[in-house]
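Below: one structure, written as C-alpha cells.
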Amino acid sequence: MVRRSLQQRRKAVTAAIAIGALLVAITSVLTFRLSDTPVAPEALTLDGARASATDPTPVRLDADLYLPPALDTDAANSGAKAAPAILLAHGFGGSKKSVSAQAESLVEAGFVVLAYSARGFGASSGLISMNAPQFEVADASRLIDYLSTRSEVISDGPGDPRIGIAGGSYGGALALMSAGYDPRVDAVAADITWNSLEQSLFGQSVISADANGERMQGAFKSLWSGLFFSAGQSAPGTPVTECGRFTTAWCAAYTRAAVTGTIDTAGAELMRASSPVSITDKITAPTLIGAGQADSLFPISQANANATQILNAHPDTPVKVSWHAGGHDGGLASADAVSEQVLALTRDWFTAHLA
Numbered sequence: 005m006v007r008r009s010l011q012q013r014r015k016a017v018t019a020a021i022a023i024g025a026l027l028v029a030i031t032s033v034l035t036f037r038l039s040d041t042p043v044a045p046e047a048l049t050l051d052g053a054r055a056s057a058t059d060p061t062p063v064r065l066d067a068d069l070y071l072p073p074a075l076d077t078d079a080a081n082s083g084a085k086a087a088p089a090i091l092l093a094h095g096f097g098g099s100k101k102s103v104s105a106q107a108e109s110l111v112e113a114g115f116v117v118l119a120y121s122a123r124g125f126g127a128s129s130g131l132i133s134m135n136a137p138q139f140e141v142a143d144a145s146r147l148i149d150y151l152s153t154r155s156e157v158i159s160d161g162p163g164d165p166r167i168g169i170a171g172g173s174y175g176g177a178l179a180l181m182s183a184g185y186d187p188r189v190d191a192v193a194a195d196i197t198w199n200s201l202e203q204s205l206f207g208q209s210v211i212s213a214d215a216n217g218e219r220m221q222g223a224f225k226s227l228w229s230g231l232f233f234s235a236g237q238s239a240p241g242t243p244v245t246e247c248g249r250f251t252t253a254w255c256a257a258y259t260r261a262a263v264t265g266t267i268d269t270a271g272a273e274l275m276r277a278s279s280p281v282s283i284t285d286k287i288t289a290p291t292l293i294g295a296g297q298a299d300s301l302f303p304i305s306q307a308n309a310n311a312t313q314i315l316n317a318h319p320d321t322p323v324k325v326s327w328h329a330g331g332h333d334g335g336l337a338s339a340d341a342v343s344e345q346v347l348a349l350t351r352d353w354f355t356a357h358l359a
C-alpha cells in the first residue's frame with residue numbers, strides 16, 4: 005500500500021512536469037507586445053513580508069521602478085508634479101519581465117509603475133502560497149509602503165500613496181485581494197482571474213454536500229492544476245523537487261488532489277483564504293474586471309461573481325466587467341489584439357479613477 009501511494013505521488017509530479025511546455029501558451033495570453041520605445045526602469049530589491057509563519061525574515065522581492073520622463077528623480081527633487089502609481093503583478097509562472105510592456109505603456113500614460121516578481125518567482129526569494137493574505141498579499145502592502153516614500157508619487161496622506169493595482173490571472177487575484185485587505189488601494193484592474201479557487205479547479209462549480217453531509221466536488225481540473233504545479237517545480241538553474249517552490253501546505257493539497265481527485269477540509273480552507281471570495285465584501289476601490297470568452301480555467305462566471313459580490317456589499321462602488329475574446333484557452337482573436345484591448349481599458353480605468 006505504501007509503495008502504491010509513492011508510485012501515485014511520483015506519477016502526479018511526473019505528469020505535472022511533462023505538461024510544463026504548455027506554459028508557452030499561457031505566457032502568450034498574459035504578455036503584451038513590447039513597445040518600440042522601451043522605458044529604462046530602475047532595478048530594485050525590496051523587502052516583502054515574513055518568509056513563513058515561523059520565519060520572520062522578510063522575503064526579497066525583485067522589482068523594477070518605471071518613472072515617466074517628466075518625473076525622473078532630479079525633476080521630482082526640484083519640485084516637479086508627482087503622479088499616481090501602479091503596482092503591476094504578473095501571471096503564474098511569470099516574473100517582472102512578463103509585464104514590462106504593460107509597464108512601459110502605463111508609464112507613457114503618465115503613471116509611476118512598480119513591476120515586481122512575486123515571492124517564489126523570478127529572482128524573488130520565498131515560497132509560493134498562492135496569494136495567501138499573510139504572505140503574497142502582505143508583500144503587496146510592503147511595496148505600497150515603499151511607494152509611499154517616493155517623492156514622484158502623489159501622496160493622499162502619511163504612508164498613503166495614490167495607488168492602483170493591476171494584474172492578470174494570478175496577478176489579478178492578487179490585485180483583488182490587496183484591495184480587500186489594504187484600504188490604501190485606490191483602483192483595481194483584474195483580468196481573467198478567479199473568485200473561488202476551489203470552484204475554479206473542480207469543474208462546473210459542483211461543491212456542496214450530499215444527504216450525509218459529506219463534501220461533494222466536481223471533476224478535478226488535473227491538466228490546469230498540473231500546469232500550475234509544474235510552473236512552480238523549480239527555480240531556474242535548480243533541480244526539480246517534489247514540492248518545488250511551493251509551501252508544504254500547498255504541496256500537500258495539490259498532491260492529494262492529483263492522487264485522489266479531491267481535497268479535504270484543510271485544503272478547502274487554504275484555497276478559500278487565497279480567493280477573492282473571502283474578501284470581496286471589503287473592496288470599495290473602483291474595480292475593472294476582465295473575463296475571457298475562451299477560458300476553461302477561470303470562466304466568465306468567476307468574473308461575474310467577483311463583480312456581484314463587490315456590488316452587493318457596496319452598491320456605490322464603481323465596477324466594470326469587460327468580456328473579451330481571449331482567456332487562458334487562447335480564443336480566436338490574436339493574443340496581441342486582446343492584450344492591447346485589455347491594456348487600453350486598464351489605462352483608461354486608472355486615468356479616470358486615479359488622475
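If you read the sequence shown in the numbering used here, its first letter stands for residue 5, the second for the next number, and so on. Cβ atoms here follow ideal geometry from the backbone N, Cα and C, with glycine treated the same way. Bear in mind the structure is a predicted one, so any value in this text is a computation, not a measurement.
Remark: C-beta atoms of L180 and A194 approach each other more closely than 7 angstroms. Counting along the chain, H357 sits inside the alpha helix (DSSP H) bounded by residues 339 to 358. A residue is called buried once 16 or more other Cβ atoms fall within 10 Å of its Cβ, and D68 is buried on that count. The residue from P187, A177, A136, N316 with its alpha-carbon nearest to that of G163 is P187. Going by beta carbons, A348 and A337 fall outside the 7 angstroms limit. Distance from R276 to S109 at the Cβ level is roughly 34 angstroms; contact not present, criterion being Cβ atoms closer than 8 angstroms. Here G175 is buried: its Cβ has 16 or more other Cβ atoms, across all protein chains shown, within 10 Å. Per the DSSP secondary-structure output, Y70 pairs in a beta bridge with V117.
Per DSSP, the continuous alpha helix (DSSP H) segment holding W254 begins and ends at 252 to 264. In the DSSP assignment, L92 falls outside any alpha helix (DSSP H) and lies within the beta strand (DSSP E) extending over 89 to 93. When C-alpha distances from T251 are compared across G114, A57, L48, A53, the shortest belongs to A57.
Within the same chain, and ignoring the five residues on either side of A317 in sequence, the residues whose Cβ sits closer than 8 angstroms to its Cβ are T284, D285, K286, I287. Its Cα nearest to that of P290, the residue V189 stands out among A339, L178, Q138, V189. Nearest C-alpha to G265 among G230, A298, E246: G230.
C-alpha of T269 to C-alpha of E202: approximately 11 angstroms in a straight line.
For G130, the CB contacts under 6 angstroms within the same chain, skipping 5 residues up- and downstream, are A55, V63, R123, G124 in chain order. With fewer than 16 other Cβ atoms inside 10 Å of its own Cβ, A74 counts as exposed. The criterion of a C-beta distance shorter than 7 angstroms is not satisfied by G52 and G172.
For the options Q106, D143, K100, the alpha carbon positioned closest to that of P60 is the one of D143. Residue environment for T153: exposed (fewer than 16 other C-beta atoms within 10 angstroms of its C-beta). Listed as beta-bridge partners of D195 by DSSP are G172, G294. Counting only residues of its own chain and dropping the five nearest sequence neighbours on each side, A311 has a CB closer than 6 angstroms to the CB of I293, V323, V325. A residue is called buried when at least 16 other Cβ atoms come within 10 angstroms of its Cβ; G97 meets this threshold and is buried. C-alpha of R249 to C-alpha of A191: approximately 31 angstroms in a straight line. Inter-residue distance for I267 and A47 is about 40 angstroms (C-alpha atoms, whole angstroms).
A straight-line Cα-Cα distance of about 10 angstroms links T197 and S279.
The three-state secondary structure of A272, taken from DSSP, is helix. Look at K324 here: in three-state DSSP terms it is strand. Contact check for L358 and G168: beta-carbon distance about 5 angstroms, within the 8 angstroms limit, so the pair qualifies. Between L65 and S128, the gap from beta carbon to beta carbon is short of 7 angstroms. DSSP, read as helix, strand or coil, puts S99 in coil. With contacts defined as CB atoms closer than 7 angstroms, Y70 and V111 qualify as a contacting pair.
Residues H328 of the same chain have their beta carbon placed closer than 7 angstroms to that of Q345, with the five preceding and five following residues left out of the count.
At the C-beta level, A298 and G271 stay beyond 7 angstroms of one another. L315: member of the alpha helix (DSSP H) spanning 304 to 317, first to last residue. Scanning A170, A309, S182, S121 for the CA closest to the CA of A89 turns up A170.
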